[in-house]
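*Asks:* Shown below is the structure under consideration.
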Amino acid sequence: MTDKQMITGISQHDDKAIAEAIETYSRLLWKIVSAVLTNVASREDIEECVADTFVYLWGSHDRFSEQKGSLKNWLCLVARSRAIDRYRATVKRNESPLDETVLMKNMRIFNDTESIVIQHDLLSSVNMLEQQDREIIVRRYMCQQKPKEISMALGLSIRQVENRLYRSKARLREQLTSAEGDLRQ
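Here the sequence shown is numbered in my numbering, starting from 1 and rising by one per residue.
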């Protein structure tokens, strides 16, 4: 079934058309949504966000314009914006202090003893940062968010986020360098 046939079928409330859209695009949308929500939401939240995208398609199919792009691209944009909205809501609702187990899990600790010491020192140094700086570091390097996404989530300008990242990295580098020197003595 082509995109045009799917949209025509959906506009006529044809269950087969929406089922075809779900079959065709659900894996792609799952990947997009999970890329945004992986470290923040549960599997059920990701599933619900993908389902919301198809509900939106069913109810707002008239907003799709074939002249502006393909159905695939439109669904990807809808899914990503839904995931970002859910991310913001989840982060706002679940603001909690930085948990050592979350950091350790995301840092992929190696079995090497030296690596464990370095990881622990890094975690200790990150935990000594101000709460906002700590959150920016975690969002940037653990959640792989871009400064623009961080700025929107925290209500800061992109410039402020970049400056805080720069200063925080300098502090971390200084603390880790002094800790390394202490280990060698």
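C-beta atoms are modelled at their ideal positions from N, C-alpha and C, and glycine is treated no differently. As the structure is a computational prediction, the values presented were derived from the model and not from experiment.
(1) Going by other Cβ atoms of all chains shown within 10 Å of its Cβ, with 16 needed for buried, is Thr38 buried or exposed?
(2) With DSSP run on the structure shown, which of helix, strand or coil describes Ala41?
(3) Which same chain residues, not among the five before or five after Asp133, have their C-beta less than 7 Å away from its C-beta?
(4) Just tell me which of Ala19, Ser11, Asn127 has its CA closest to the CA of Arg63.
(5) Compare the C-alpha of Asp52 against each of Glu66, Ile84, Gly69 and name the closest.
(6) For the alpha helix (DSSP H) containing Leu129, list its first residue and its last residue.
*Replies:* So, from the data block:
(1) Under a 10 Å Cβ-count criterion, Thr38 is classified as exposed, with fewer than 16 other Cβ atoms of the shown protein chains found around its own Cβ.
(2) Secondary structure at Ala41: coil, using DSSP grouped into helix, strand and coil.
(3) Annotation for Asp133: Arg164, Ser168 place their beta carbon closer than 7 Å to its own, counting only its chain and skipping 5 residues before and after.
(4) Ranking Ala19, Ser11, Asn127 by Cα distance to Arg63 puts Ser11 first.
(5) Closest in alpha carbon position to Asp52, among Glu66, Ile84, Gly69, is Ile84.
(6) Judged by DSSP secondary structure, Leu129 falls outside any alpha helix (DSSP H); it is assigned neither H nor E.
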